[in-house]
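Presented below is the structure to which this report refers.
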Amino acid sequence: MKRFAVRVFGCQMNAYDGDRIRTSMIHLGWTECPEEDAEVVILVTCSIREKAEQKVVSEIGRYNLRYRNTGSPAVVLVGCMAQRIGLQIAKKFRCVRLVSGPRHLGLVPQGIEDALADGARRFFMDEDPKALEDLEVVPTERTNPYKAYVTITYGCDRFCTYCIVPYVRGRLQSRDHGEILKECRELAASGVSEITLLGQNVDAYGKDKEGEYGFASLLKDVSEIEGIKRLRFATSHPRDFDEDILEVMARTPSICRAVNLPVQSGSDRILRAMNRGYTREQYISLVKKIREALPGISLTTDLIVGFPNETEEDFMDSYNLLDELRFDIVHTAAYSPREGTKAAAMEGQTDNRVKADRLNRINDLQSRIARELNEEYVGREEEILVDGPAPRGENSLQGRTKTDKVVIVKGPSELLGKYVRVKIVRASHWSLEGEII
Ligand code: SAH
Ligand code: SF4
Ligand code: F3S
57 MKRFAVRVFG CQMNAYDGDR IRTSMIHLGW TECPEEDAEV VILVTCSIRE
107 KAEQKVVSEI GRYNLRYRNT GSPAVVLVGC MAQRIGLQIA KKFRCVRLVS
157 GPRHLGLVPQ GIEDALADGA RRFFMDEDPK ALEDLEVVPT ERTNPYKAYV
207 TITYGCDRFC TYCIVPYVRG RLQSRDHGEI LKECRELAAS GVSEITLLGQ
257 NVDAYGKDKE GEYGFASLLK DVSEIEGIKR LRFATSHPRD FDEDILEVMA
307 RTPSICRAVN LPVQSGSDRI LRAMNRGYTR EQYISLVKKI REALPGISLT
357 TDLIVGFPNE TEEDFMDSYN LLDELRFDIV HTAAYSPREG TKAAAMEGQT
407 DNRVKADRLN RINDLQSRIA RELNEEYVGR EEEILVDGPA PRGENSLQGR
457 TKTDKVVIVK GPSELLGKYV RVKIVRASHW SLEGEII
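Start counting the sequence shown at 57; every next residue gets the next number (the numbering used here).
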């Protein structure tokens with residue numbers, strides 16, 4: 057027996073956590089298998105919007121039916137949603153045998169074995185938002201063999217008024233840079249050539265500690281590791297994206313020309329109500345500075361529509377900002393009230409139909425812009441890292457450019473994990489098509 061499955065919801069930090077849990081389970085002698093055959097299903101969950109949670113609850117309902125009939129699978133609930141409402145869920149569903157907050161992952165693998173052995177449930181909640189029982193294992197068993205994530209900061213201190221993250225992931229804490237570098241070196245030695253450094257606000261790296269060692273220093277040190285051909289990072293915060301980061305990027309070709317810089321709104325009134333800490337003008341001037349320092353960079357952003365009291369005029373400020381700045385990708389979301397956050401208690405919640413309408417208008421605008429920006433790539437030569445099969449089409453593979461554009465190419469699976477030069481022949485709003493040179 058000892059067969060498990062992992063399912064990851066939410067952001068890249070969860071993907072990293074899922075990879076680390078998988079690796080630890082395998083070290084304990086477990087085998088990964090399809091979820092239908094698993095004795096233990098580990099759910100790495102997200103709380104960012106209500107929908108993300110609802111989906112997981114209905115999945116747990118499904119597992120619970122099977123558990124009551126067959127005694128399997130035991131469900132292990134970890135991650136942000138586990139921290140927020142895991143205890144309630146465990147009360148309702150018997151199949152949930154272990155619940156852990158994101159800061160107690162270190163106790164999970166052994167906890168699973170113990171819970172199965174004695175039949176008693178385990179609850180490892182993050183009661184102190186600064187305490188940490190991390191899972192200290194290099195995620196060598198990954199979904200993707202060529203690329204790896206490395207979390208560099210835990211939690212977040214910014215308390216944007218709509219956001220649940222600081223409540224479920226705790227306070228900002230930077231990982232020791234020696235440990236990060238050691239992990240990156242081990243990953244490189246195991247064949248990884250692309251690393252993405254992760255945090256809710258990577259630019260704040262080191263700001264919670266004494267000394268000068270910040271995100272720029274870390275970027276420089278990771279980029280110098282042998283075998284690392286590409287270095288990415290996410291997510292950036294406009295308030296913390298300092299000049300020294302741009303300088304290191306400009307000097308270091310292996311740091312990818314792609315930055316995700318969430319704006320959230322184009323209206324000063326709403327930005328203030330969100331507690332984002334910058335104005336529209338400050339954001340625009342930062343974008344200009346980045347584009348001047350790094351010509352050809354791809355910029356992506358996140359935007360929320362329908363924040364409480366967002367008027368049509370506020371919304372148009374967001375719309376026009378996207379039209380003016382022309383991002384490569386915009387991750388859009390309808391505002392979802394999260395219990396316990398400031399914005400959820402605000403009067404003037406926006407009607408769902410209004411949110412849906414604004415979301416549609418923004419998405420229409422953005423598909424056009426994205427297609428236009430992608431069309432500029434047609435005829436160019438690019439280097440891509442081929443990292444997986446394409447979602448559709450026989451003999452089709454998918455890779456990414458340094459600017460994080462998805463490129464679909466025809467070619468043999470031997471190209472997986474390789475860097476190849478391609479000529480871009482077609483573009484759509486979400487991807488490019490290339491021919492191998
Ligand atoms: N730390 C990053 C991203 C945090 S969460 C930042 O500061 O921007 C990822 C995205 O989810 C956010 O950028 C935001 O657009 C979206 N999001 C967060 N809370 C939300 C909420 N309550 N409703 C809708 N979208 C939300
Ligand atoms: Fe949430 Fe704001 Fe922190 Fe991003 S910076 S994780 S949006 S509180
Ligand atoms: Fe979701 Fe938690 Fe990430 S709420 S977006 S999984 S930090």
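Every residue, glycine too, gets a C-beta built ideally from N, C-alpha and C. Since the structure is predicted, the reported quantities are computational estimates derived from the model, not experimental observations.
Return the CA-CA distance between residue i and residue j, expressed in angstroms with no decimal places.
i	j	result
valine 476	glycine 404	53 Å
valine 62	glutamate 91	8 Å
glutamate 489	methionine 137	38 Å
arginine 456	tyrosine 202	12 Å
glutamate 337	isoleucine 220	27 Å
glutamate 150	alanine 187	Checking the sequence shown, residue 150 turns out to be arginine, not glutamate. The alpha-carbon atoms of arginine 150 and alanine 187 are separated by roughly 28 Å.
asparagine 257	methionine 81	29 Å
leucine 421	aspartate 379	8 Å
alanine 314	aspartate 277	19 Å
arginine 328	threonine 308	35 Å
leucine 415	aspartate 182	35 Å
aspartate 264	glycine 211	12 Å
proline 351	alanine 483	21 Å
glutamate 470	valine 206	26 Å
serine 321	leucine 359	6 Å
glutamate 491	glutamate 428	20 Å
alanine 412	glutamate 268	45 Å
arginine 122	valine 155	19 Å
glycine 167	glycine 362	42 Å
arginine 178	leucine 143	11 Å
proline 158	valine 434	43 Å
asparagine 430	phenylalanine 289	22 Å
aspartate 407	glutamate 369	16 Å
glutamate 83	methionine 57	Per the sequence shown, residue 83 should be read as histidine rather than glutamate. Histidine 83 and methionine 57: Cα-Cα distance of roughly 15 Å.
leucine 472	arginine 76	23 Å
isoleucine 251	arginine 124	42 Å
glycine 283	serine 249	6 Å
isoleucine 8	asparagine 376	The displayed coordinates of the chain run from 57 to 493. Any statement about residue 8 would go beyond what the structure contains.
arginine 436	serine 423	21 Å
arginine 272	glutamate 88	Looking at the sequence provided, one finds alanine at residue 272 rather than arginine. When rounded, the distance between both Cα atoms is 38 Å.
glycine 153	valine 194	For clarity, residue 153 is arginine in the given sequence; the question names glycine instead. In a straight line, the C-alpha of arginine 153 is about 26 Å away from that of valine 194.
threonine 335	valine 132	42 Å
arginine 417	histidine 485	16 Å
glutamate 438	alanine 245	26 Å
lysine 461	arginine 325	33 Å
Looking at the strands, I want to know which residues DSSP matches up with residue i.
i	result
isoleucine 440	Val476
proline 445	Leu453
isoleucine 360	Ala389
glutamine 320	Leu359
leucine 287	Ile251 and Ile311
alanine 400	According to DSSP, alanine 400 bridges with nothing at all.
leucine 274	In DSSP, leucine 274 forms no bridge with anything.
serine 230	Thr209
glutamate 489	Ile464 and Arg482
valine 155	Leu133 and Phe179
valine 193	Bridge partners of valine 193: none, in fact.
serine 354	Ala314
phenylalanine 60	Glu88 and Val96
lysine 203	Glu250
Taking its Cβ as the centre, do 16 or more other Cβ atoms sit within 10 Å of residue i, making it buried, or is it exposed?
i	result
arginine 448	exposed
threonine 367	exposed
proline 318	buried
alanine 146	buried
valine 481	exposed
lysine 345	exposed
alanine 496	Shown here, the chain extends from 57 to 493; a query on residue 496 therefore has no answer.
proline 468	exposed
leucine 253	buried
serine 341	exposed
histidine 160	buried
glycine 127	exposed
histidine 387	exposed
lysine 148	exposed
threonine 199	exposed
aspartate 259	buried
Contact criterion: CB-CB distance below 8 Å. Does residue i meet it with respect to chain B?
i	result
glutamate 303	Among the chains in the structure shown there is no chain B, since it carries only a single protein chain.
Cβ contact check for the segment 93-102 and the segment 62-82: 3 or more pairs under 8 Å: Between the segment 93-102 and the segment 62-82 there are three or more C-beta pairs closer than 8 Å, enough to call the two in contact.
task: Examine the Cβ distances between the segment 113-121 and the segment 229-238 and report whether three or more of them are shorter than 8 Å.
output: Not touching, per the Cβ criterion.
**Segments of 3+ residues assigned as beta strand (DSSP E) that fall wholly inside the segment 74-151** = For secondary structure counted as the beta strand (DSSP E) over 3 or more consecutive residues, the segment 74-151 holds these complete runs in sequence order: 96-101 and 130-135.
- Should the segment 451-468 be regarded as contacting the segment 387-396, the criterion being three or more beta carbon pairs within less than 8 Å? Judged by Cβ distances under 8 Å, the segment 451-468 makes no contact with the segment 387-396, as fewer than three pairs qualify.
With a threshold of 8 Å, are at least 3 pairs of Cβ atoms found where one atom belongs to the segment 262-279 and the other to the segment 234-242?
Flag = yes, the segment 262-279 and the segment 234-242 touch.
**Prompt:** Curious, which full-length beta strand (DSSP E) runs of at least 3 residues does the segment 414-438 contain?
**Reply:** Fully enclosed beta strand (DSSP E) runs of 3 or longer: not present.
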